[in-house]
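Engineer: Residue numbering for the sequence shown follows the numbering used here, beginning at 5 and increasing consecutively.
C-beta: ideal position from N, C-alpha, C; glycine also.
The structure displayed is predicted, hence computed values, not measured ones.
What follows is a single structure, and I will ask about it in a moment.
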Amino acid sequence: MPEPDALTDASPISSEEVERGKRALVADGAWASTIGIMAGGVVLVGFALQLGATPFEIGLLAAIPFIGQLAQLPAIGLVQRFQKRRRLAVGLGLAERVMILTLAALPFLASAEAALSLLILGQLVVAVLAATSACAWNSWMHDFLPREGLGAFFAKRLFWGTTVALIAGLTAGVLVDHWPGSDRIHAYSATFAFAAAAGFVSSWFLAQVPEPPMNADQTAQPLLTLIRQPFADPNFKRLLHFLTSFNFATNFAAPFITVFMLKQLELGLGIVLVLWAASQFANAMTIRLWGQLSDQLSNKSILAVTVPAFFLCLLALPFTAHPTRHDLTLPLLALLHLLMGVATGGSALAIANIGLKLAPRGRGTGYMAATSVFSACAAAVAPIAGGVLADWFARRELALLIHWSAPSSRGDFVLLNLQHWDFFFVLACIFGFYALHALSLVHEGEDVSERAVVQNLVLEARRSMRSLSSIGGLRATIAFPYGRLLGQRAAAGAPLRKRASAPSLSRHSEGPSH
């Protein structure tokens, strides 16, 4: 790692230093992707369940990353005051990794209850450190990365990050399900230790990246002033209404999908992680298609297809084991995860695009800050509310029967049987269709029918599938152009083009919520 005095260099950065820095950022992204997978998401839920977590505590763990995101707001002032962004990003990142390594020791505590409390507290510290570090990192990268070739750079970084994350996730599943020791909970110590070690390597690579000097004359408007700006725009207020209801609906049930599969369906953690990997694969492989559609059609029309598709998949989850788990349960779960991966990819892309499109020129900071604050608050409240309701639903059951009686036979046929976690998916679907109603009130421009979106999606998929007949085509399906995610606004006076948004400049993936 460079010496502290070398962490801020006011001299111009040469093209050779830029190229070395970009290579270091690719390695940083690959190693950092391991953190969210091996110390978060599905693995974190499994760890908490092993410690005896209640549904409320699972909901709290799911809410913490979103609560932590709010730390980016005061972090803006910290970055502008300190100005040495590399020191902040690397130093806070190292502190985050140390905390993860500390959490690896929790299974060795005598009290599981104390270990669980420390796990929740530790996750809050990790989330705040990660969010504050990300704020410095975003500002640093904005000044360091040249605009030319940015798409190719992110294509490479995201490819390696996704690849390593999938390998890490599957490795964690095998490690937990086939732990050689007698106490499986110690396997989670190993996964957290591996995540921390990968994080230290990531920080080492990040410290190799040069930092251009920050403009000392930059001043920030007061936060409340920035956030109040969108409320003078009626159409953007309707967009905030949609984003708030959408994030509440998705996060009301999504964190408990893992609990549903581990507890109610009694699947192993390895199988759950394989299903997660299938969802991530479908998400990655269809981003290119959604990016092409976002150029051709409206974002609102894409959301009108992907939002109901996602929530209908949630609604279908209880029926994968109806009336009990059977031979088709796993294939059906795999199919639903693939579909949800496709739908969430399109939704995320369209939501990012529509927010950027509706924000007026020159006031994007305030508008995007408002969307982040409201989305994070809704996403944090939803799983906590779900956790509070979990015990109430655990003692309820709803069944619809058909009774048949004849001279020679009689019987009852179960049409519907909802219990415990099943209610979450039904309620999330209801909330989701309310969010769809809120979306219908948003004016983006010329609307395109849902049928046209599906037809164009099929046509784009057919074009992509034709390339699978050759070796070059196979390579193209892996290295698809993430550069299409780099949205640009049209020049002044020119009409806006529907473009895909830039990849999020996040330090590492937090892993799946389910």
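Per the DSSP calculation, Arg-414 is bridged to which residue(s)?
Structural biologist: For the purposes of this step, residue 414 is taken as the residue at position 410 of the sequence shown. Beta-bridge pairing links Arg-414 to Ser-409.
Engineer: Under 8 angstroms, do Ile-291 and Leu-339 count as touching if we go by C-beta distance?
Structural biologist: Walking along the sequence shown from the start, residue 291 turns up at place 287. Walking along the sequence shown from the start, residue 339 turns up at place 335. Contact: no.
Engineer: What are the complete alpha helix (DSSP H) segments, minimum 4 residues, inside the segment 48-113?
Structural biologist: Whole alpha helix (DSSP H) segments, 4+ residues: 59-73, 76-86 and 89-107.
Engineer: Report buried or exposed for Glu-215, applying the criterion of at least 16 other Cβ atoms within 10 angstroms of its Cβ.
Structural biologist: For the purposes of this step, residue 215 is taken as the residue at position 211 of the sequence shown. Residue environment analysis places Glu-215 among the buried positions, since at least 16 neighbouring C-beta atoms fall within 10 angstroms of its C-beta.
Engineer: Tell me whether Ser-18 is buried or exposed, calling it buried when 16 or more other Cβ atoms sit within 10 Å of its Cβ.
Structural biologist: Residue mapping note: residue 18 aligns to position 14 of the sequence shown, counting from 1. So Ser-18 counts as exposed.
Engineer: Closest by CA to Trp-164, which one among Trp-408, Ala-34 and Gln-284?
Structural biologist: Taking the sequence shown and counting its residues from 1, one reaches residue 164 at position 160. The residue from Trp-408, Ala-34 and Gln-284 with its alpha-carbon nearest to that of Trp-164 is Ala-34.
Engineer: Could you compute how far the alpha carbon of Phe-2 sits from the alpha carbon of Glu-23?
Structural biologist: This structure cannot speak to residue 2, because the chain is shown only from 5 to 518.
Engineer: So is Leu-125 buried or exposed if we call it buried at 16+ other beta carbons inside 10 Å?
Structural biologist: Looking up residue 125 in the sequence shown gives position 121. Burial call: exposed.
Engineer: Which one of Glu-21, Phe-397 and Leu-431 has the shortest CA to CA distance from Asn-255?
Structural biologist: Position 251 of the sequence shown, counted from the first residue, corresponds to residue 255. It is Leu-431.
Engineer: Where does the unbroken alpha helix (DSSP H) through Pro-312 begin, and where does it stop?
Structural biologist: Residue 312 sits at position 308 when you count from the first residue of the sequence shown. Residues 303-320.
Engineer: Given a cut-off of 8 angstroms, decide if Ala-172 and Met-42 are closer than it, judged by their beta-carbon atoms.
Structural biologist: On the sequence shown, position 38 is the one that residue 42 refers to. On the sequence shown, position 168 is the one that residue 172 refers to. For the pair Met-42 and Ala-172, the CB atoms are nearer than the 8 angstroms cut-off.
Engineer: What's the gap between the Cα of Phe-378 and the Cα of Leu-244?
Structural biologist: The residue you call residue 378 lines up with position 374 of the sequence shown. The residue you call residue 244 lines up with position 240 of the sequence shown. If you take the alpha carbons of Phe-378 and Leu-244, they lie about 7 angstroms apart.
Engineer: Can you find at least 3 beta carbon pairs, one from the segment 72-81 and one from the segment 129-140, that sit closer than 8 angstroms?
Structural biologist: yes
Engineer: Taking the alpha helix (DSSP H) that Gly-272 belongs to, which residues open and close that run?
Structural biologist: On the sequence shown, residue 272 is found 268 positions in, with the first residue counted as 1. Premise fails: Gly-272 is in no alpha helix (DSSP H) and is neither H nor E.
Engineer: From what residue to what residue does the alpha helix (DSSP H) around Ile-189 run?
Structural biologist: In the sequence shown, counting from the first residue as 1, residue 189 sits at position 185. Segment 189-210, the alpha helix (DSSP H) holding Ile-189.
Engineer: Rank Ile-68, Phe-148, Leu-443 and Asp-426 by C-alpha distance to the C-alpha of Lys-267 and give the top, closest one.
Structural biologist: For the purposes of this step, residue 267 is taken as residue 263 along the sequence shown, with counting starting at 1. For Lys-267, the nearest C-alpha among the options comes from Asp-426.
Engineer: Relative to the C-alpha of Phe-264, which candidate in Ala-325, Ala-31 and Ala-282 has its C-alpha closest?
Structural biologist: Here residue 264 corresponds to residue number 260 of the sequence shown, with the count starting at 1. Nearest C-alpha to Phe-264: Ala-325.
Engineer: Would DSSP call Glu-401 helix, strand or coil?
Structural biologist: Counting from one through the sequence shown, the residue named residue 401 turns up at place 397. Note: Glu-401 maps to strand in three-state DSSP.
Engineer: Compare the beta carbon distance of Leu-279 and Leu-332 with 8 angstroms and say whether it is the shorter of the two.
Structural biologist: Here residue 279 is taken as the residue at index 275 of the sequence shown, counted from 1. Here residue 332 is taken as the residue at index 328 of the sequence shown, counted from 1. Going by C-beta atoms, Leu-279 is not nearer than 8 angstroms to Leu-332.
Engineer: How many Å lie between Ser-305 and Leu-96 at the Cα?
Structural biologist: Here residue 305 corresponds to residue number 301 of the sequence shown, with the count starting at 1. Here residue 96 corresponds to residue number 92 of the sequence shown, with the count starting at 1. Their backbone Cα atoms lie some 41 angstroms apart in a straight line.
Engineer: Taking the alpha-carbon positions, what's the Ala-258 to Glu-20 distance?
Structural biologist: Taking the first residue of the sequence shown as 1, we reach residue 258 at position 254. Taking the first residue of the sequence shown as 1, we reach residue 20 at position 16. In this structure, the CA atom of Ala-258 is about 45 angstroms from the CA atom of Glu-20.
Engineer: If you check the beta carbons only, do Val-446 and Phe-246 fall under 8 angstroms apart?
Structural biologist: Walking along the sequence shown from the start, residue 446 turns up at place 442. Walking along the sequence shown from the start, residue 246 turns up at place 242. Yes, the pair counts as a contact, with Cβ atoms nearer than the cut-off.
Engineer: Cβ atoms of Ile-80 and Gly-203: under 8 angstroms apart, would you say?
Structural biologist: Within the sequence shown, residue 203 is the residue found at index 199, counting from 1. Within the sequence shown, residue 80 is the residue found at index 76, counting from 1. The Cβ-Cβ distance between Gly-203 and Ile-80 does not fall below 8 angstroms.
Engineer: Per DSSP, what are the beta-bridge partners of Ala-334 in this structure?
Structural biologist: Working through the sequence shown from its first residue, we reach residue 334 at position 330. In the sequence as presented, Ala is not what sits at residue 334; that position holds Leu. For Leu-334, which the question treats as bridged, DSSP gives no partner whatsoever.
Engineer: Just to confirm, is the Cβ distance from Phe-157 to Lys-26 under 8 angstroms?
Structural biologist: Taking the sequence shown and counting its residues from 1, one reaches residue 157 at position 153. Taking the sequence shown and counting its residues from 1, one reaches residue 26 at position 22. Yes, the pair counts as a contact, with Cβ atoms nearer than the cut-off.
Engineer: What residues match up with Leu-297 in a beta bridge as DSSP calls it?
Structural biologist: For this step, residue 297 is matched to residue 293 along the sequence shown. None, per the DSSP bridge assignment.
Engineer: DSSP three-state call for Leu-362: helix, strand or coil?
Structural biologist: In the sequence shown, residue 362 corresponds to position 358, counting from 1. Helix, per DSSP.
Engineer: Given this structure, state the Cα-to-Cα distance separating Thr-262 from Asn-251, to the nearest angstrom.
Structural biologist: What you label residue 262 is simply residue 258 of the sequence shown in a count that begins at 1. What you label residue 251 is simply residue 247 of the sequence shown in a count that begins at 1. So the two alpha carbons sit approximately 18 angstroms from each other.
Engineer: Look at the alpha carbon of Asp-181 and the alpha carbon of Gly-274, and state the distance between them as a whole number of angstroms.
Structural biologist: The residue you call residue 181 lines up with position 177 of the sequence shown. The residue you call residue 274 lines up with position 270 of the sequence shown. As the crow flies, the alpha-carbon of Asp-181 is around 6 angstroms from that of Gly-274.
Engineer: In angstroms with no decimal places, state the Cα-to-Cα distance between Ile-62 and Ala-410.
Structural biologist: Locating residue 62 in the sequence shown gives position 58, counting from the first residue. Locating residue 410 in the sequence shown gives position 406, counting from the first residue. Approximately 49 angstroms between the Cα atoms of the pair.
Engineer: Start and end of the alpha helix (DSSP H) containing Ser-249?
Structural biologist: Residue mapping note: residue 249 aligns to position 245 of the sequence shown, counting from 1. Run containing Ser-249: 238-257, per the alpha helix (DSSP H) assignment.
Engineer: Helix or strand or just coil, what does DSSP make of Leu-445?
Structural biologist: As a working note, residue 445 is residue 441 in the sequence shown. DSSP places Leu-445 in coil when its eight states are reduced to three.
Engineer: Got a sec? Which residues, its chain only, sit under 6 angstroms from Gln-54 by beta carbon, not counting five neighbours each side?
Structural biologist: For the purposes of this step, residue 54 is taken as the residue at position 50 of the sequence shown. Result list for Gln-54: Ile-189, in chain order.
Engineer: With 16 as the cutoff for other CB atoms within 10 Å, does Gln-127 come out buried or exposed?
Structural biologist: In the sequence shown, the residue the question calls residue 127 occupies position 123. Buried, since its Cβ has 16 or more Cβ neighbours within 10 Å.
Engineer: For the alpha helix (DSSP H) holding His-146, just list the boundary residues, first then last.
Structural biologist: The residue given as residue 146 occupies position 142 in the sequence shown. Counting along the chain, the alpha helix (DSSP H) containing His-146 begins and ends at 116-148.
Engineer: Please name the residue in Leu-105, Tyr-438, Trp-396 and Ala-31 whose C-alpha comes closest to that of Val-213.
Structural biologist: As a first step, residue 213 must be located in the sequence shown, where it is residue number 209. The residue with the shortest Cα to Cα distance from Val-213 is Ala-31.
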